[in-house]
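Novice: One structure coming up, written as structure tokens, with questions to follow.
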Amino acid sequence: MIAIVDCNSFYCSCERLFRPDLNNRPVVVLSNNDGCIIARTDEAKALGVGMAGPYYQNKEVIEKNNVAVFSSNYNLYGDLSMRVMDTMRFLVGDNRVEVYSVDEAFLNLDDVAENKLAAVAKNIKDTVEMWTGIKVSVGVAPSKVLSKVANRLSKKYKKETQGVIVLHTAQQIQEALLKTKVEDIWGVGRQSAIKLNHQGITDGWQLRNVPVEWARKNLGGVVGVRLIKELNGTPCIPMKDPLEVKKMIATTRMFGKPVYELKDLKEAVATYVSRAAEKLRRQHCAASFIDVFVVTNGFKNAKYEYNPQSAHRHVILPNATSNTNEFIKYALPLIEMLFTPGLKYLKAGIILSGIVPDNSIQGNLFIEDATKQQRTLMNTIDNINFSQRDDIIKYAASGLKRNWKMRQELRSKRFTSRWNELYEIK
DNA sequence: TCTGGGGTCCTAGGACCC
DNA sequence: TCTGGGGTCCTAGGACCC
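For the first sequence, our numbering begins at 877 and goes up steadily by one.
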């Protein structure tokens, strides 16, 4: 059996943890640049605040109802996420936890006796909440897709379920699927939902009974087949090895305000490259492929409309590396090639791939010493920056003023990672 | 005036090989 | 004049996830 543990309105819960006065007030958290709403508490949902909706479109209802609004504070959320995950690892064992996202993890409960599942799930929930202060919901079922179904219902019917649902018998599974619309099933996106509804398939139980061959033809080939099998209780999406490394690392941001100068674009690209290289080194890997892209504001019908257009350039490095210097050296010419004077740039980003473990980098005898020195330098910079959860040490190419940086006007304090922002009790 | 960021997996089609 | 069958690898793009 598999459990999914999911933090309730995670970002909002993090904010409330240090602001107990907000416990009965609706709270929302905004995306980078304060653009979209990316987390809402139940109270905010009840007011009709839309998920992933633009902030400005919801401003009226937010102000009228005294909703507390925060810019995203990734320092804080990352730190609390680590505590939640560590707690679960302690409870069920390191290699039985698959961190699926910042606020969710799959747990392998294969070794738990069937009659103990509910008690174990409840204990996981209570312990995480007691140790971290973050509320979670737990869904347990024979497959990942069904555990997500269980988890969703445990949230929806919080009062009756106490935030825990175990789907075990055929009857429990059928009842749960009957209560779940196809578009609420993990793996069914907008396109598939439209197709299914067209066929008169609207709930999870109907979807479960769709012929496998129909799913292969109409729901994305093997992806669709897997989905149907998972709904039937046959696990087809295995638990991931916690040691698996990322195959692609991207850093991209909208600019705080539109950018017109090559100089600013170069600073941004150098900054993003530094961040991505740091993530790469954290998983002890090197990369040989770098893609740089920009998003410009297109124009439609000669009048202004939001109509973004993107352009990419990439280069394959002669040797995989994890050295920020190297990446910057290759990335800056790419952005120069992409730049067209006069265009309005909204966003830039870089993607590293061709990722290999850094102990398997093809050796070059003549650069060995320099490489070792560089590695030491990188480690030192990473250690200092990690201890501050910020890029205290940066490359000159990243610029100093950085007036393209994103807006975060409503960010709370970094309570858990800065001495001078500690929570104070008077 | 204003619409996030970071991933995964799959498929189709082209280039290339024997 | 006629032009196979089987395979690999790579890339772009789509769909989906939180």
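A virtual CB, placed ideally from N, CA and C, is assigned to each residue, including glycine. As the structure is a computational prediction, the values presented were derived from the model and not from experiment.
Could you tell me the distance, in whole angstroms, from the CA atom of Asn1094 to the CA atom of Leu993?
Specialist: The sequence position of residue 1094 within the first sequence is 218, counting from 1. The sequence position of residue 993 within the first sequence is 117, counting from 1. Asn1094 and Leu993: Cα-Cα distance of roughly 36 Å.
Novice: State the DSSP-derived secondary structure class of Glu939, mapped to helix, strand or coil.
Specialist: Here residue 939 corresponds to residue number 63 of the first sequence, with the count starting at 1. Of the three classes helix, strand and coil, the one that applies to Glu939 here is helix, per DSSP.
Novice: What first and last residue would you give for the alpha helix (DSSP H) that runs through Ala995?
Specialist: Position 119 of the first sequence, counting from 1, holds the residue named residue 995. From DSSP, the alpha helix (DSSP H) with Ala995 extends over 993–1008.
Novice: How long is the line joining the alpha carbons of Lys1270 and Ser1263, rounded to whole angstroms?
Specialist: Indexing the first sequence from 1 puts residue 1270 at position 394. Indexing the first sequence from 1 puts residue 1263 at position 387. If you take the alpha carbons of Lys1270 and Ser1263, they lie about 14 Å apart.
Novice: Check for me: the alpha helix (DSSP H) holding His1074 runs from which residue to which?
Specialist: To locate residue 1074, count along the first sequence from 1; it is residue 198. His1074 -> alpha helix (DSSP H) spans 1066–1074.
Novice: In the DSSP assignment, find the unbroken beta strand (DSSP E) run with Arg1129 in it and report its ends.
Specialist: For the purposes of this step, residue 1129 is taken as the residue at position 253 of the first sequence. Per DSSP, Arg1129 belongs to the beta strand (DSSP E) from 1125–1135.
Novice: If I'm right that Val925 touches Val904 with Cβ under 8 Å, what's the distance once you round it to whole angstroms?
Specialist: If you number the first sequence from 1, residue 925 lands on position 49. If you number the first sequence from 1, residue 904 lands on position 28. Confirmed, about 6 Å.
Novice: Report the option in Met961, Val1016, Asn1296 whose CA atom is closest to the CA atom of Thr1008.
Specialist: Taking the first residue of the first sequence as position 1, residue 1008 is located at position 132. Measuring from the Cα of Thr1008, the nearest candidate turns out to be Met961.
Novice: State the DSSP-derived secondary structure class of Ile1231, mapped to helix, strand or coil.
Specialist: As a first step, residue 1231 is located in the first sequence; it is residue number 355 there, counting from the start. Residue state, collapsed to three classes: strand.
Novice: Just list the alpha helix (DSSP H) runs in the stretch 899–981, keeping only unbroken ones of 4 residues or longer that don't cross its boundaries, in chain order.
Specialist: 918–922, 931–940, 950–968
Novice: State the beta-bridge partners of Arg1189 as determined by DSSP.
Specialist: The residue you call residue 1189 lines up with position 313 of the first sequence. Answer is Val1168.
Novice: Which value, in whole angstroms, describes the spacing of the CA atoms of Lys1176 and Leu1083?
Specialist: If you number the first sequence from 1, residue 1176 lands on position 300. If you number the first sequence from 1, residue 1083 lands on position 207. Legend: pLDDT at Lys1176 = 49, less than 50; position of this residue unreliable, no value from coordinates given.
Novice: By DSSP, does Asn1195 sit in helix, in strand, or in coil?
Specialist: As a working note, residue 1195 is residue 319 in the first sequence. If DSSP states are grouped into helix, strand and coil, Asn1195 belongs with the strands.
Novice: Per DSSP, what kind of secondary structure is Asp1079 in: helix, strand or coil?
Specialist: In the first sequence, residue 1079 corresponds to position 203, counting from 1. Residue state, collapsed to three classes: strand.
Novice: Going by beta-carbon coordinates alone, are Leu1222 and Asp910 separated by less than 8 Å?
Specialist: Your numbering for residue 1222 matches position 346 in the first sequence. Your numbering for residue 910 matches position 34 in the first sequence. No, Cβ-Cβ distance for Leu1222 and Asp910 is not below 8 Å.
Novice: Could you spell out where the beta strand (DSSP E) holding Arg1013 opens and where it closes?
Specialist: Counting from 1 along the first sequence, the entry for residue 1013 is found at position 137. One point to set straight first is that residue 1013 is Ser, not Arg, in the sequence displayed. Per DSSP, Ser1013 belongs to the beta strand (DSSP E) from 1012–1017.
Novice: Output needed for Leu1072: all residues of its chain with C-beta closer than 6 Å, excluding positions within five of it in sequence on either side, in chain order.
Specialist: Counting from 1 along the first sequence, the entry for residue 1072 is found at position 196. Cβ within range, chain order: Val1058.
Novice: Beta carbon of Thr1000, beta carbon of Val1014: below 8 Å?
Specialist: Within the first sequence, numbered from 1, the residue matching residue 1000 stands at position 124. Within the first sequence, numbered from 1, the residue matching residue 1014 stands at position 138. Residue 1000 is actually Ile in this sequence, not Thr. Closer than 8 Å, so yes.
Novice: Beta-carbon within less than 7 Å of Met1115's beta-carbon, same chain only, minus the 5 sequence neighbours each way: which residues are those?
Specialist: Position 239 of the first sequence, counted from the start, is the residue given in the question as residue 1115. The residues are Glu974, Phe982, Asn984.
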